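Trainee: Residue numbers (the numbering used here), protein chains in the order written: chain P, 120 to 400; chain C, 1211 to 1495; chain E, 20 to 315; chain V, 2 to 312. One structure follows; several queries about it will come next.
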Amino acid sequence: MSKTNISKDNSVANMFVKKEISFGKRLQKKLFNRTNINGTIAILGFFLIWHLLVVLRMPFMKHIPTPVTVLETFINLVTKKVYWVSLWFSTKRVFYGFVAAQVLGIPLGLAMGWSRKFKYLSFPVFEVLRPIPPLAWVPVSILFWPTNELSIAFITFIGAFFTIVLNVLRGVSSIDKELYRSALSLGAKPQHIFRKIILPASIPSIATGMMVGIGITWNVVIAAEMIAGDKGIGRLTWEGYLAGDTPTIIVGMISIGFAGWLSSGIVKIISDRMMPWRKLF
Amino acid sequence: MRCEKSGRIEVSNLCKRFHKAGKDPLQVLQNCTLTIEPGKLNVLIGPSGCGKSTLANILAGYDSPDSGEITIDGSPLKGPGTDRLMVFQETALWPWMTVMENVIFGPTVRGEMSKKEAREEATRILELVGLQDFKDKYPAQLSGGMQRRAELARALINRPKVMIMDEPFRGLDDLTRELMQEYYLKIFEKTNCTTLFITTELEEAIFLADRILIMTFLPGRIKTIIDVDLPRPRNYHVLTSKKYLQIKAEALEYLIEEGRKCFGEDCNIANTMVDEFRRQADNRH
Amino acid sequence: MRNNGDEKVIKENTNIALDNSHITKKGALSICNVTKIYDPEGVHVIALEDCSLDIKAGEFVAVVGPSGCGKTTLLNIIAGFDSLTHGEIYLDNELLAAPGVKPKPGPDRVVVFQHGALFPWKTVLDNVIYGPVIQKKMSRDEAIEIARDKLSRLGLKEIENVYPGQLSSGMQRRVEIVRALINNPLVLLLDEPFRGMDSVTKSASHEALLELYDIFHKTIYFITHDLEEAIFLSDTVVVMTTRPGKIRMTIKVDLPRPRDYRMLSTPRFLELKETAKDAVHEEALKAFQRGERELA
Amino acid sequence: MNIYFVLPLFVILSFIFFIFYRQQKRLAHYSGISTLSQIKKTLTSQRFWLVILGFVLTIGFWYAAVYWLPFDAFHRLPGPDEVVIEWLSRDPYYGISIYTKEYYVHILYSTYRATVSFLLATILGVPFGLLMGWSRRFYEYSFPLVEMIRPIPPLAWVPLSILMLPGVEPAVIFVTFLVAFFVTTLNTLLGVQSIDQAYFRAALCLGASSKEILYDVVIPGSLPYIFTGLQISMGAAWFSLVAGEMIAAQYGLGYLIWQGYSLVKYPTIIIGMVTLGFIGYGSSAVIRYVGKRLMAWREQELGGLGVTYEE
């Protein structure tokens, strides 16, 4: 049989062999690992191909400017006030619509999840209205609301509202029964169960609803501005199209993308702050 | 920290049927009669899916039986209450509350204790279960064994008459499970709280129990009761004692008989397998 | 092989007997001073340190140890999912694994996984015939015929075109073992297959595994946390220390075969259990205090 | 109340009753009672009447707001009765009803565009997602690119795509395709990543080569996520199709709605919106049905599959 080697040294310290490596080395390892390098190569490659396609006058590309011109337009556009004003208008609209959707949507979702009767009453109607694309509401919203600002904010509201209600409802109904059963047998009254169990348990689903909602609102605000707006980054892009000034269109697109990415980041930070117990996972 | 010596639960011919979507209704419990001795560790064992958890849910008040009466210390049972608290199979700690907040939830929500009093009481209970330096951790940061002990502390602080434990050590690996069993025994021998402990592991049942109730397969009812008079306080050396082996052999006979029924078609598989191989083995030599 | 009636059955047996006898010669595994270090420059976690073990052909070896003691790492190295840092592993005196040499996973070393790995989207029959058909050893019909025969032998005939999702865990494990054995592997690697099962299903699965072992007599490397299960099933029990995993103790189990559950209460069995109990218990305590997590 | 008005109403009501009856029959089968008694049980159940009450309240509020309540904002909107009459009338005042050819032309255009862009997104998106999930190197090159382009709202592409692509039709289809493509790709990628590693190792053990693993493990394993992705991508396709049509197209429901506004044909707006709602719901129901058919091994409900990308 094999030689039995009883381990001689039993000291627990030696068992736990794990070298501490310097912070710099770990950071360096994290930054320059293979994925990041290939990623940057791909992005640089993309811009290079774009440049070549335009320079060589490929089909489809006759109106498209080279990345260099786009950069130039961006630099001088950034200095102009109109750029920041329109960006500010779009953000304002997104902010109002999004916050209104959360303020109305979260309680409605919680109410639907909490009381079965209210769910039977309101969920079917909600399900009928949900498939209607938010932008189909533009004409009705223009008719309904007095000012243009309000009607566009309403469209962004519709965009985020259906998502947050659905996510909260799904979150509340998927809390496993043991969590509120154990509260029940500890003598918790309904209002305790709602405040201390249902609400905190549905925070993760609220976070998901907000993340998805913010993405949709930016999408919707751009289109609404193009169709019916007067100020805003979407309008700026559309006027760039009307004037045939393509670099402005691309600058508009990139700044919308950047604004969308930034607001998702902000929403992510807020939702992580709401769930301290999740972060340490 | 001793629970009152009460907590005698009498259950007489309990029946329960489940209607599952897509399948025909299932008779889970059929005139199941048992008494839970106060101050004792009653262990309920039976093959998986024989209605043990259903019985536990009914005793804890989360589910109502189709027929049959249940009384606790004489008075009929109605709805969940702090006199019967349950520790679940998957941990039911609220993930968004720290261990301390979980434990003080019961007394503070019922208004019996102020926050300060509850904290003191909770610290003492957490010392009993060995989690004193994990007070402000979230459940997700604890290992399986620690989560079970935290849940136990959350129940014990309310001084329940009866503790119902539904296979609490099931998810743990065997070695942590053995250590948790010893740990739980120490806590039981200190609090001496009437307990109904549900398990599928025979060794665990004998090691912990004062009384073992063996349940039949579907429809579930109590088949036999075996009294375990191993000395207290127990440690794992008792696992190789003569008395232990006797009880194990006796219980194994009942369990294997129920197990065969539980398998249904599996059972005749086991039989056909055995004679099939014997035939093969003979003609090979 | 095409004829039917009794004659086929007898021919079938001799065929099984035939390839069985010439198989038992193979499947000897020798593990020499194997060491495994995860992410050497980085966190440098030593999973296995200088493990040596000789498994004879057709021997049933059970490896017991606390979580994170490297028993699964060793299995992954043998099966070819992982590489080793020092030492060598020989399969029938051919080099299987060494620092530079990483073995390719193959049908000669089949693994049965802890939570089962039957393809949920294939029926039981498709799962079982997947191995031979993919390796192009048999045509689909031949494989179906053999699979049906093996499944019917184990009484699993009527669940042939059932999806694994609908089977109990005991049944799933048995189908998975049949799926492994149909490839006539040299070594069968079992990673805690009966963990989490209630004691009744577990004892039935033990019976099934022992009966299969008595017939096919493959070399088996069996991982478990449960010392009693290890002694009851195996010829040799290897106890491993907590991380970094070393072989702490090896026990020969000389209980007669074929074994049945009544042996659990014989004095010889208790004696064997007593010798290993303290070692396993001590290692478990050390791992438990450190909150050891499964590594591999 | 001539025959032309009553007949379609009757057809719609009988269709609703048919679905209700089929659902009751299935429910009855489960609880082992006769269909008739099951229907009686449902009709007397509080839940049924609450649902009816929900719809009655909504339409009632709409009607009251437009005709009686003092909010002048509502007065500009058409009432429910006006819309229904317009929708079912033989020669509709504003030119659009179920009897006019133009109504179906718009529906056909929209459905054609949605289906083309959805199919394109599926044919390109699914393999792209599988490849990203399957080969590490491809993932490293393509994922950063996708993440760079994805935040740009698809509707911002409308002006650029009109310039780049000849004519309006390809522009609208391109924008719709873009939305659906990103959703499908990312959900397929999620599907591949969700497959338990044990299945890959089991296949390796049984001697499968990497190509066989792609067919036998990767595709079937990620199918549930792919179908969730397809459902969402269909919703997203309709979402951006409407905007594209409003901005650039001459035909289609989006154009119909916008034209309804600019030519002050208000009931047509509502008709267009409701039609969009029904077709949108119908198309995702079709995908759900195909999904269930294809994946016989999954009894559980398709929905609720953890994190999904919803655009």
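The beta carbon of each residue, even a glycine, is placed where N, CA and C say it ideally should be. Please read all numbers here as calculations on a predicted model, not as lab measurements.
Kindly indicate which three-state DSSP category E:K305 falls into: helix, strand or coil?
Mentor: For the purposes of this step, residue 305 of chain E is taken as residue 286 along the third sequence, with counting starting at 1. It is helical.
Trainee: Does the beta carbon of V:E302 come closer than 8 Å to any beta carbon on chain E?
Mentor: Working through the fourth sequence from its first residue, we reach residue 302 of chain V at position 301. With a pLDDT of 34 at V:E302, under the threshold of 50, the predicted position of this residue should be treated as unreliable, and no value is reported.
Trainee: What does the Cβ neighbour count give for C:E1322, buried or exposed, with the cut at 16 atoms within 10 Å?
Mentor: The sequence position of residue 1322 of chain C within the second sequence is 112, counting from 1. It counts as exposed.
Trainee: Count the CB pairs spanning the region 1455-1465 of chain C and the region 1432-1440 of chain C that are closer than 8 Å, and state whether there are at least three.
Mentor: With a cut-off of 8 Å, the region 1432-1440 of chain C and the region 1455-1465 of chain C count as touching, because enough Cβ pairs lie within range.
Trainee: Answer with buried or exposed for V:A286, where buried requires no fewer than 16 other C-beta atoms within 10 angstroms of its C-beta.
Mentor: Here residue 286 of chain V is taken as the residue at index 285 of the fourth sequence, counted from 1. Label assigned to V:A286: exposed.
Trainee: Enumerate in chain order the residues of its own chain whose CB-to-CB distance from E:I42 is below 6 Å, with the five nearest sequence positions on each side excluded.
Mentor: Residue numbering aside, residue 42 of chain E sits at position 23 when the third sequence is read from its first letter. Residue placement at E:I42 is flagged as unreliable, the pLDDT there being 43, under the threshold of 50; the coordinate-derived value follows with that caveat. Excluding positions up to five away in sequence, the list is empty.
Trainee: For the beta strand (DSSP E) holding E:A81, just list the boundary residues, first then last.
Mentor: Along the third sequence, one-based indexing puts residue 81 of chain E at 62. Here the beta strand (DSSP E) through E:A81 covers F79 to V83.
Trainee: Pull the bridge partners of E:K388 from the DSSP assignment, please.
Mentor: There is simply no residue 388 of chain E to check, as chain E begins at 20 and stops at 315 in what is shown.
Trainee: Note down, in chain order, each residue of its chain lying with its Cβ closer than 7 Å to the Cβ of P:R397, except the 5 sequence neighbours on either side.
Mentor: For this step, residue 397 of chain P is matched to residue 278 along the first sequence. So the qualifying residues of the chain are P323.
Trainee: Where do the N-terminal and C-terminal ends of the beta strand (DSSP E) with C:K1226 fall, by residue?
Mentor: Start at 1 with the first residue of the second sequence, and residue 1226 of chain C comes out as number 16. Segment I1219 to F1228, the beta strand (DSSP E) holding C:K1226.
Trainee: Quick one: what's got a C-beta closer than 7 Å to V:G307's C-beta in the same chain, skipping five residues either side?
Mentor: As a working note, residue 307 of chain V is residue 306 in the fourth sequence. Because V:G307 carries a pLDDT of 28, less than 50, the predicted location of this residue cannot be relied on, and no value is offered for it.
Trainee: Since P:E297 and C:F1315 should fall inside the 8 Å C-beta cutoff, what is the C-beta to C-beta distance between them, to a whole number of angstroms?
Mentor: Along the first sequence, one-based indexing puts residue 297 of chain P at 178. Along the second sequence, one-based indexing puts residue 1315 of chain C at 105. So it is not a contact: roughly 14 Å between Cβ atoms.
Trainee: So for C:G1278, helix, strand or coil by DSSP?
Mentor: Within the second sequence, numbered from 1, the residue matching residue 1278 of chain C stands at position 68. Strand.
Trainee: Given a threshold of 16 other Cβ atoms within 10 Å of its Cβ, counted over all protein chains shown, does C:E1414 qualify as buried or as exposed?
Mentor: For the purposes of this step, residue 1414 of chain C is taken as residue 204 along the second sequence, with counting starting at 1. Classification of C:E1414: buried, given that the 10 Å Cβ count is 16 or more.
Trainee: Starting from the C-beta of C:E1327, find all residues in its chain whose C-beta is less than 8 Å away, skip the five residues before and the five after it, and write them out in chain order.
Mentor: Position 117 of the second sequence holds residue 1327 of chain C. Taken in chain order, the residues that qualify are P1317.
Trainee: What are the boundary residues of the beta strand (DSSP E) that includes E:Y57?
Mentor: For the purposes of this step, residue 57 of chain E is taken as the residue at position 38 of the third sequence. Segment L48 to Y57, the beta strand (DSSP E) holding E:Y57.
Trainee: Between which two residues does the alpha helix (DSSP H) carrying V:S118 extend?
Mentor: Here residue 118 of chain V corresponds to residue number 117 of the fourth sequence, with the count starting at 1. From DSSP, the alpha helix (DSSP H) with V:S118 extends over K102 to W135.
Trainee: Mind checking which residues open and close the alpha helix (DSSP H) that includes V:S162?
Mentor: Taking the fourth sequence and counting its residues from 1, one reaches residue 162 of chain V at position 161. Start and end: W158 to M165.
Trainee: I'd like to know if C:L1295 contacts chain P, where contact means its C-beta is closer than 8 Å to some C-beta of that chain.
Mentor: The count along the second sequence starts at 1 and reaches residue 1295 of chain C at position 85. Chain P, which has a Cβ nearer than 8 Å to the Cβ of C:L1295, makes this yes.
Trainee: Between which two residues does the alpha helix (DSSP H) holding P:A362 run?
Mentor: Residue mapping note: residue 362 of chain P aligns to position 243 of the first sequence, counting from 1. Segment: none, P:A362 is in no alpha helix (DSSP H) and carries neither H nor E.
Trainee: Enumerate in chain order the residues of its own chain whose CB-to-CB distance from E:D73 is below 6 Å, with the five nearest sequence positions on each side excluded.
Mentor: Taking the third sequence and counting its residues from 1, one reaches residue 73 of chain E at position 54. S49, listed in sequence order.
Trainee: Could you please give me the residues that DSSP links to E:E60 through a beta bridge?
Mentor: Here residue 60 of chain E refers to the residue found at position 41 of the third sequence. DSSP lists no partner for E:E60.
Trainee: Taking Cβ positions only, does V:L190 come closer than 8 Å to chain E?
Mentor: For the purposes of this step, residue 190 of chain V is taken as residue 189 along the fourth sequence, with counting starting at 1. False, the Cβ-Cβ gap to chain E never drops below 8 Å.
Trainee: Does the beta carbon of C:Y1454 come closer than 8 Å to any beta carbon on chain P?
Mentor: Walking along the second sequence from the start, residue 1454 of chain C turns up at place 244. Taking Cβ atoms only, chain P never reaches closer than 8 Å to C:Y1454, which makes this a no.
Trainee: Going by C-alpha distance, which of P:M372, P:I183 and P:I341 is nearest P:V213?
Mentor: In the first sequence, counting from the first residue as 1, residue 213 of chain P sits at position 94. Ranking the options by Cα distance to P:V213, first place goes to P:I341.
Trainee: Alpha carbons only, please: which of E:M216, E:K169, E:T294 and E:L207 is nearest the one belonging to E:V194?
Mentor: Here residue 194 of chain E is taken as the residue at index 175 of the third sequence, counted from 1. Residue E:K169 is the option with its Cα nearest to E:V194.
Trainee: Would you mind giving the Cβ-Cβ distance between V:F56 and V:A122, rounded to the nearest angstrom? I have them listed as a contact below 8 Å.
Mentor: Here residue 56 of chain V is taken as the residue at index 55 of the fourth sequence, counted from 1. Here residue 122 of chain V is taken as the residue at index 121 of the fourth sequence, counted from 1. That pair is no contact at about 34 Å.
Trainee: Taking Cβ to Cβ, would you say C:A1360 is nearer than 8 Å to C:L1352?
Mentor: By 1-based counting over the second sequence, the position of residue 1360 of chain C is 150. By 1-based counting over the second sequence, the position of residue 1352 of chain C is 142. Cβ atoms of C:A1360 and C:L1352: closer than 8 Å.
Trainee: Mind listing, in chain order, the continuous alpha helix (DSSP H) runs of no fewer than 4 residues lying wholly within the region 175-258 of chain P?
Mentor: Segments of the alpha helix (DSSP H) lying fully in the region 175-258 of chain P: 186-198, 200-233 and 235-248.
Trainee: Please report the straight-line C-alpha distance between P:F165 and V:T116, rounded to a whole angstrom.
Mentor: Here residue 165 of chain P corresponds to residue number 46 of the first sequence, with the count starting at 1. Here residue 116 of chain V corresponds to residue number 115 of the fourth sequence, with the count starting at 1. One C-alpha to the other measures close to 30 Å.
Trainee: Which residue's Cα is closest to the Cα of C:L1462: C:T1281, C:N1267, C:I1255 and C:P1429?
Mentor: Numbered from 1 along the second sequence, position 252 holds the residue referred to as residue 1462 of chain C. Nearest option by C-alpha distance: C:I1255.
Trainee: Would you give the residue range spanned by the beta strand (DSSP E) that P:V284 belongs to?
Mentor: Translated into the one-based positions of the first sequence, residue 284 of chain P becomes position 165. Segment N267 to S292 is the alpha helix (DSSP H) holding P:V284; no beta strand (DSSP E) there.
Trainee: So, C:P1370 versus C:R1294, is the Cβ gap smaller than 8 Å?
Mentor: Within the second sequence, residue 1370 of chain C is the residue found at index 160, counting from 1. Within the second sequence, residue 1294 of chain C is the residue found at index 84, counting from 1. It is a contact, given that the beta carbons lie within the stated cut-off.
Trainee: Nearest by alpha-carbon distance to P:A378: which of P:T327, P:I352 and P:P309 is it?
Mentor: As a first step, residue 378 of chain P is located in the first sequence; it is residue number 259 there, counting from the start. Ranking the options by Cα distance to P:A378, first place goes to P:I352.
Trainee: Could you pull out every residue in the same chain whose Cβ sits closer than 8 Å to the Cβ of V:I99, ignoring the five residues on either side in sequence?
Mentor: Mapped onto the fourth sequence, residue 99 of chain V falls at position 98. Hits under 8 Å: P9, W88 and L89.
Trainee: Starting from V:E213, find everything on chain E with Cβ-Cβ shorter than 9 Å and list it in chain order.
Mentor: Indexing the fourth sequence from 1 puts residue 213 of chain V at position 212. Ordered by position in chain E, the residues that pass the 9 Å Cβ test against V:E213 are I153.
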